[in-house]
Each structure stands twice: as C-alpha cells, then as structure tokens.
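Q: Just passing along the structure, written as structure tokens.
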Amino acid sequence: MTTPGTDEQLLADFLGGRRAALGELARRYERPLLGLALGLLGGRRDLACDAVQETWLRVIRFGRQFSGQSRFKTWLYRIGINQCRNLQSATGRPAAGDGEPTLAGKPAPDPAPETVAARTDQHNAVRRAVARLAPDRRAIVLLCYHGGLTHVEAAEILELPLGTLKSRLHAALEELRGMLGATCRTSETEAGP
Amino acid sequence: MNDAAALNLEQVLGELTTWSGPAPALWRRALAAAGVPRVRRWPAFLRSPLTKRLAIGGVAAAVLLTIGVVSHEMLGARRNHSWGYFAAPADVPGSEYWFGRAEGTAGSFGVKYVQENVEGVGVQEMAGRAIRRVQERVGEVPGSPVRGGGAGGRYSLGDAGVERYVGYAVQGVSETEPAGERQVVRKATIELVATDVRTAFFKASHLVSAAQGEYVQDSSLTGTGTQLQGTLTLRVAVARLSDVLNELRTLGEVRVETNGGEDVTAQVVDVEARLRNERRVEQELLELLDKRSDAPLKEILDLRTSLGNVRQSIEQLIAQREQLSRLVALATVLVVIHPADAKPLPPAGLAAYFRDTLQRAWRGGLTFLVDTVAGLVAVVIGGLIWWVLLLVVVLSVRIYVRRRRATVA
Numbered sequence: 001m002t003t004p005g006t007d008e009q010l011l012a013d014f015l016g017g018r019r020a021a022l023g024e025l026a027r028r029y030e031r032p033l034l035g036l037a038l039g040l041l042g043g044r045r046d047l048a049c050d051a052v053q054e055t056w057l058r059v060i061r062f063g064r065q066f067s068g069q070s071r072f073k074t075w076l077y078r079i080g081i082n083q084c085r086n087l088q089s090a091t092g093r094p095a096a097g098d099g100e101p102t103l104a105g106k107p108a109p110d111p112a113p114e115t116v117a118a119r120t121d122q123h124n125a126v127r128r129a130v131a132r133l134a135p136d137r138r139a140i141v142l143l144c145y146h147g148g149l150t151h152v153e154a155a156e157i158l159e160l161p162l163g164t165l166k167s168r169l170h171a172a173l174e175e176l177r178g179m180l181g182a183t184c185r186t187s188e189t190e191a192g193p
Numbered sequence: 194m195n196d197a198a199a200l201n202l203e204q205v206l207g208e209l210t211t212w213s214g215p216a217p218a219l220w221r222r223a224l225a226a227a228g229v230p231r232v233r234r235w236p237a238f239l240r241s242p243l244t245k246r247l248a249i250g251g252v253a254a255a256v257l258l259t260i261g262v263v264s265h266e267m268l269g270a271r272r273n274h275s276w277g278y279f280a281a282p283a284d285v286p287g288s289e290y291w292f293g294r295a296e297g298t299a300g301s302f303g304v305k306y307v308q309e310n311v312e313g314v315g316v317q318e319m320a321g322r323a324i325r326r327v328q329e330r331v332g333e334v335p336g337s338p339v340r341g342g343g344a345g346g347r348y349s350l351g352d353a354g355v356e357r358y359v360g361y362a363v364q365g366v367s368e369t370e371p372a373g374e375r376q377v378v379r380k381a382t383i384e385l386v387a388t389d390v391r392t393a394f395f396k397a398s399h400l401v402s403a404a405q406g407e408y409v410q411d412s413s414l415t416g417t418g419t420q421l422q423g424t425l426t427l428r429v430a431v432a433r434l435s436d437v438l439n440e441l442r443t444l445g446e447v448r449v450e451t452n453g454g455e456d457v458t459a460q461v462v463d464v465e466a467r468l469r470n471e472r473r474v475e476q477e478l479l480e481l482l483d484k485r486s487d488a489p490l491k492e493i494l495d496l497r498t499s500l501g502n503v504r505q506s507i508e509q510l511i512a513q514r515e516q517l518s519r520l521v522a523l524a525t526v527l528v529v530i531h532p533a534d535a536k537p538l539p540p541a542g543l544a545a546y547f548r549d550t551l552q553r554a555w556r557g558g559l560t561f562l563v564d565t566v567a568g569l570v571a572v573v574i575g576g577l578i579w580w581v582l583l584l585v586v587v588l589s590v591r592i593y594v595r596r597r598r599a600t601v602a
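These protein sequences, in sequence, are chains A and B.
The numbering of the first sequence is the working numbering, which starts it at 1 and goes up by one.
The numbering of the second sequence is the working numbering, which starts it at 194 and goes up by one.
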C-alpha cells in the first residue's frame, strides 16, 4: 500500500506514466477549482467546467515545465485563473444574473420560502456587484474568500506582495459595499479565513 | 434588500466560489483530449529493480532450460539417424526396378532415389511406393517429402530382389544406436615445473608401454638454461591414463592439469551401420553380377561402377572406424615441462606491457572484489551468533540507560 504523497510527488508520478496520480490530484483540487471558476465566470457552470478541463489539459501538457519553484497548488490555481480570464475575454464580461438562481452553498436551516427568496436575492445582488468589479479586484475578492486558500496563498497565486493584496482587497470590499448599500455588516478585518 | 436579510458578505462570497454537487471528473476528459495512452506498468512486486531482475532472470532460465531440453531431444533424434537401400519397380516394360537409398530418423524420413535414367513422374511414384512401404514398416507417416540426389543405377531385378532391397532399407532405417558402452576419446594436459627439465623429459618419454601399443606421438626439447622447455605428446592406453598421470605428477610441481573427453559413440555407431549396409550392398551386387552375366554390356559396366563406388565407400568407412578405435583406445596426454627457476619472458613492447598491466589490474580487481564479498559473507553468516549476542547486549545496555535516566529524572 502506498501513501498518498505530496502534490509534487503525484505530479511526478503522473508524468512517469501513472494516470491514477492525476486522479488523486483531481480528487484534491477539482471541486475547489470548479468553485473558483464558478465565481470568476459569473456562476456559469458550463464555463466553469470548460475552464477546469482546460486547466487539467494544461497540467497534462505542460506538467514537465513545472519547475518546483512554487507549490503545485499555487501553480494549478494560477493556470485555472488564467483559463477563466481567457474564457471571460472570449465570452465577454460576466453578466449580472448569468448564474444559477439557486443557492450554491448549503441549504439554509430555515426553509421558509420568504427567507430562501431573500437569500437568493442577496446572492444575486452580490454576484452582480462582483461582476461589476474590475477583473483584478474581482479575482482578489473571490480568491480571498474562496474556501481553502489563505491570503498568503492568494498573494502567491496572483503574484502580488501580501500588503498589496490586502490593500486591494480593502479597496474592493469598499467598492462592493458601496454597490450593495448599507446592508453589509462585515469588515475587511474580519474578512478572509 | 431589507434589514431582515442582513447581508453577510464574507459568507456569500464564500458560497459564490463553492461548487455544489459531485465533481464531474474533468481530468478524465482532459486525459482523453490530450490523448495520453494508458501505460502498462510492472506489477507492484516487480517494480523493485531486484525483483524485476530476478523475474527476468527466472524467465531467461526457463527459456534456456526449454532450449536445452529441446536441443537434447533433437540430438537424441539425430543419434537415431540411420539409412538403407531400397528398390522399386519402374513403370516401364521389362520388369525393371529402381535402386536407391533411404534414410531416416525417429522424427523424419527421406529417400535419395536414383536420379540417373529417370524418365518422368512414374519413377518417382515407384520410388514413393517403396518409401511408403518402408515407412509402414518403421511406423512413419506416409507422405514425407522425397529428397533427390544420391548415387545408384537402374537394374533389372526380380520381385524377390525388390523385397530384399526394401528389406534392407527397413533394416537400415530401423537401426538405432545400441545401448552399449560409450566410446570416449580421452585427452589430458599437464604442465610441470621441474628442477631438471632434461631428466624429467626423458623420464616422461619412458612412461609409455610399447607392449600395450602406447607411443610418444611427438616430443621436443627447446631452449637452454632457464628457458629450457620440454613438450611431449604421449598416447597411452585409456586404462593406464590415471597411472601415467600419477607418475607424471612425481616428476615436478604441477602447475596446470586438465582432463577431458569427447563422446564419439554416435560417430562409431554411424560408421558401423554404414559399413554393414555397404557390405550387404556389395554382396548383393556381386551376386547380381554373377547371375546376370548375359546382361547388356552397358548394364554390366554400370554395375561394376557401382561396385567400385561401394568398395571405395567400404574402405573409407573401415579407415574411419580404425581411426576412431585408435582414438578411443589410446588417450592423448600433452606434457609441458618448465624449469623451476624460469623467469617469465619480458613483454615484447609497450603495447604488450600495457596489455599485461591491464590484465593484471583487472584480475587483481576481480580478486579483491571476490575476496571482499567472501569476507563479508563470512563475517555476516559466520559471525551470526556473535551479531545476535552483540545486539542483545546493546539493547540491554540501552534499556538500562533509559531506565536509569528515568529514575534520575
């Protein structure tokens, strides 16, 4: 029985001919990548799937070029974000309300119809507001609130200094709040995992 | 939006980047799109280089074993190779018959039939008929290919003659190697270092017993002083080979001694069988010549030519048999005698010196490697009990020290 191994070991195994190693990497990262792509592409699941498939395709084709200077996770997310940007430029800016009308997260404990409708409205409002952000700010906001990523990792992925990332995040959140009005009750100091 | 649905921006942003539902395994589609082939890998137990090599070695050994067994069987079949003569009625008027040679082994059968005076397919059919009769007698499958060539002639024989020749063919083909004593040509080489080369040389040359037919095949005494060297080739009776070698060993210090043998049983059997058949053919041809003195001159001349050929073949076979008998009866002993204080000849040049140095270095390296491995094996296996005792002592000391430290703490 073999141990799962690090991401870099799995990539090396895959490049050595073991297809299952790519499956293990996908088991770790495919769902997070799909979620991030979903956010970046305005909730379009079909585009998110395309972006992630293209991401894996590039891992397969250019895996040998991974030098190991950064972590695999960082490298993979960078590819994923680039693919989302490519798709955005090809399909146009994500329109507000392009995404699914349903909630992407877990169902709320209170199944009252009016509460569900209100939350859906909130999501659509936030989605529309995020879609109106500049691409770099949109990526910063979504990456920083994407589950499983720290600010340090987000800074690595976007190749920004940590301080720059935080200041841009602050500015993006202010812009979002401005768009959303006074209903926000969060602050940038609370933000982020 | 109202106050009741106060927006938690952090939570909503997190939910916007969360994928609901199972992952669609896009990596598989990407693999298919990239055209990455499935790579057949060694099973886990073969991934280790050692086990992989052992497995390959095992397969190679099995293949070699198979080849060896098959070769042995084929050689065995070759030893059963034999031959004989046959005659078959020709499909031409006048009760003429065709005369030829049949030869076969346990696994195959072929016939060399008469090529001269062959007219049309009918002759081959008649020859084939004889072959089939022989095959039926020896249990071969009919329809074996007929091989052309060989010597012989066309003779007019009666039915009785045909039966006799076919009978000879059957007899010849069915002969197999007798399970008698094996015939082995013995050879030995002994290289001696003697203080007095000349004395040792003459003593060695007198070891042969003329009464038993032994002799010195050749001898030479070359060089002078420390370069003096004696060489003898003795032919001694096989029964005395061991005694002669023992006496040679007393003439000096043995530097090199080799002993070997070559099995010529198959050759002896083959020569004997061929000789028997040739003699039978000769006898038959002589009888035929006596009976058909009124035959046409051309046929008589052909018969005499065949008789001459058969006689020549008999003589050659007898010579071969005698030569084999001599080789088997007398062992060959090559004796080389060097002086005790002989120094090795200096190398002929720089290239020879370089070659010798390389050879010495290679041999020295190999010797060192072998010694090292042998030493390691001796230390590991020979000292196993001591290693176990040492381990027990070390573990005991370690446990004692730990307990003491714990007590102090």
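Note that beta-carbon positions come from the ideal geometry of N, C-alpha and C, so glycine has one too.
Please read all numbers here as calculations on a predicted model, not as lab measurements.
What ranges does the alpha helix (DSSP H) occupy inside the stretch 408-459 of chain B, keeping only unbroken runs of at least 4 residues that lie completely in it?
A: Here the runs fully enclosed are 434-442.
Q: Please report whether the beta-carbon of A:Ile60 lies at a distance below 7 Å from any beta-carbon of chain B.
A: Yes, A:Ile60 lies at the interface with chain B (some Cβ there is under 7 Å from its Cβ).
Q: Using a C-beta to C-beta distance shorter than 7 Å, which residues of chain D count as neighbours of A:His170?
A: Here chain D cannot be found, since the structure's protein chains are A and B.
Q: On a CA-only basis, which of B:Leu247, B:Leu385, B:Ala404, B:Ser499 is nearest B:Ala397? Give me that one, please.
A: Among B:Leu247, B:Leu385, B:Ala404, B:Ser499, the Cα nearest to that of B:Ala397 belongs to B:Leu385.
Q: Identify the residues that DSSP records as bridge partners of B:Pro532: which are they?
A: Answer by DSSP bridge pairing, in chain order: B:Ala387.
Q: Going straight from the alpha carbon of B:Val528 to that of B:Thr426, what length do you get?
A: Rounded to whole angstroms, B:Val528 to B:Thr426 spans 6 Å at the Cα level.
Q: Note down, in chain order, every chain B residue with its Cβ under 9 Å from the Cβ of A:Gln9.
A: Those do not exist, as A:Gln9 stays about 15 Å from chain B at its closest Cβ, beyond 9 Å.
Q: Using three-state DSSP, classify B:Thr170 as helix, strand or coil.
A: Residue coverage of chain B in this structure runs from 194 to 602, which leaves residue 170 of chain B outside it and unanswerable.
Q: Provide the residue(s) that pair with A:Leu22 in DSSP beta bridges, ordered along the chain.
A: None, per the DSSP bridge assignment.
Q: Are three or more beta carbon pairs between the stretch 35-52 of chain A and the stretch 202-214 of chain B nearer than 8 Å?
A: Yes: the two stretches touch, three or more of their Cβ pairs being nearer than 8 Å.
Q: Which chain B residues sit within Cβ distance under 7 Å of A:Cys49?
A: Result: Pro217, Leu219.
Q: In whole angstroms, give me the CA-to-CA distance for B:Leu584 and B:Ala599.
A: Their Cα atoms are separated by approximately 22 Å.
Q: Can you round the beta-carbon distance between A:Arg127 and A:Gly43 to whole angstroms, since I take them to be within the 8 Å contact cut?
A: That belief holds up - the Cβ atoms of A:Arg127 and A:Gly43 are roughly 6 Å apart, short of 8 Å.
Q: Curious, which full-length alpha helix (DSSP H) runs of at least 4 residues does the stretch 48-96 of chain A contain?
A: The qualifying runs are 72-91.
Q: Helix, strand or coil for B:Gly600, going by three-state DSSP, please let me know.
A: According to the sequence as given, residue 600 of chain B is Thr; it is not Gly. Three-state result, B:Thr600: helix.
Q: State the start and end residues of the unbroken alpha helix (DSSP H) segment that holds A:Gly178.
A: From DSSP, the alpha helix (DSSP H) with A:Gly178 extends over 162-180.
Q: What are the partner residues of B:Val377, as DSSP defines its beta bridges?
A: Answer by DSSP bridge pairing, in chain order: B:Asp456.
Q: Report the rounded CA-to-CA distance for A:His151 versus B:Arg597, giving the unit in angstroms.
A: Distance between the alpha carbons of A:His151 and B:Arg597: 50 Å.
Q: Ends of the alpha helix (DSSP H) at B:His399?
A: First-last for B:His399: undefined, no H or E at that position.
Q: Taking only beta carbons into account, state which residues of the stretch 24-36 of chain A come closer than 7 Å to chain B, listed in chain order.
A: Listed by position, the residues of the stretch 24-36 of chain A near chain B (Cβ gap below 7 Å) are Ala26, Glu30, Arg31, Leu34, Gly35, Leu36.
Q: Check whether the Cβ of A:Gln65 lies closer than 7 Å to any Cβ atom in chain B.
A: No, A:Gln65 lies away from the interface with chain B (no Cβ there is under 7 Å from its Cβ).
Q: Ignore the nearest five residues each way along the sequence and tell me which others in B:Glu475's own chain have a CB closer than 7 Å to its CB.
A: Taken in chain order, the residues that qualify are Leu500, Val503, Arg504, Ile507.
Q: So, for B:Leu206: in the same chain, excluding its five sequence neighbours on each side, which residues have a beta-carbon less than 7 Å away from its beta-carbon?
A: For B:Leu206, where only same-chain residues beyond five positions count, there are no Cβ hits under 7 Å.
Q: Am I right that A:Leu158 and A:Leu143 are in contact with their C-beta atoms under 8 Å? What's the rounded C-beta distance?
A: Contact holds; Cβ gap of about 7 Å.
Q: Which first and last residues belong to the alpha helix (DSSP H) in which B:Gln516 is found?
A: It spans 490-522 - the alpha helix (DSSP H) in which B:Gln516 sits, taken as one unbroken run.
Q: Got a sec? Which residues, its chain only, sit under 8 Å from A:Leu180 by beta carbon, not counting five neighbours each side?
A: Ala125, Val126, Ala129, listed in sequence order.
Q: With distance defined between alpha-carbon atoms, name the residue in A:Thr164, A:Glu156, A:Asp121, A:Ser167 nearest to A:Gln69.
A: With distances taken between Cα atoms, A:Gln69 lies closest to A:Glu156.
Q: Go ahead and label A:Pro113 buried or exposed: buried means 16 or more other beta carbons lie within 10 angstroms of its beta carbon, across all protein chains shown.
A: With fewer than 16 Cβ atoms within 10 Å of its Cβ, A:Pro113 is classed as exposed.
Q: When burial is assigned at 16 or more other CB atoms within 10 Å of the CB, is B:Asn549 buried or exposed?
A: For the record, residue 549 of chain B in the displayed sequence is Asp; it is not Asn. Classification of B:Asp549: exposed, given that the 10 Å Cβ count is below 16.
Q: By Cβ distance, which residues of its chain are closer than 8 Å to B:Val464, with the 5 residues on each side in sequence left out?
A: Answer for B:Val464: Leu510, Gln513, Arg514, Leu517, listed in chain order.
Q: What residue range is occupied by the uninterrupted alpha helix (DSSP H) comprising B:Trp220?
A: 219-227 is the extent of the alpha helix (DSSP H) around B:Trp220.
Q: Go through its chain and collect everything with a Cβ distance to B:Val377's Cβ below 6 Å, but skip five positions before and after it.
A: If we look at B:Val377 and ignore the five residues flanking it on each side, its Cβ neighbours are Gly454, Asp456.
Q: Could you please tell me which residues of the stretch 140-151 of chain A, in chain order, have their CB closer than 7 Å to any CB of chain B?
A: Of all residues in the stretch 140-151 of chain A, Val141, Leu142, Tyr145, His146, Gly147 have a Cβ within less than 7 Å of some Cβ in chain B.
Q: Can you check whether the C-beta of A:Gly5 is within less than 7 Å of a C-beta belonging to chain B?
A: Not one chain B Cβ lies under 7 Å of A:Gly5.
Q: Measure the C-alpha to C-alpha separation of B:Gln405 and B:Phe561 and round it to an integer number of angstroms.
A: So the alpha carbons of these two residues sit roughly 50 Å apart.
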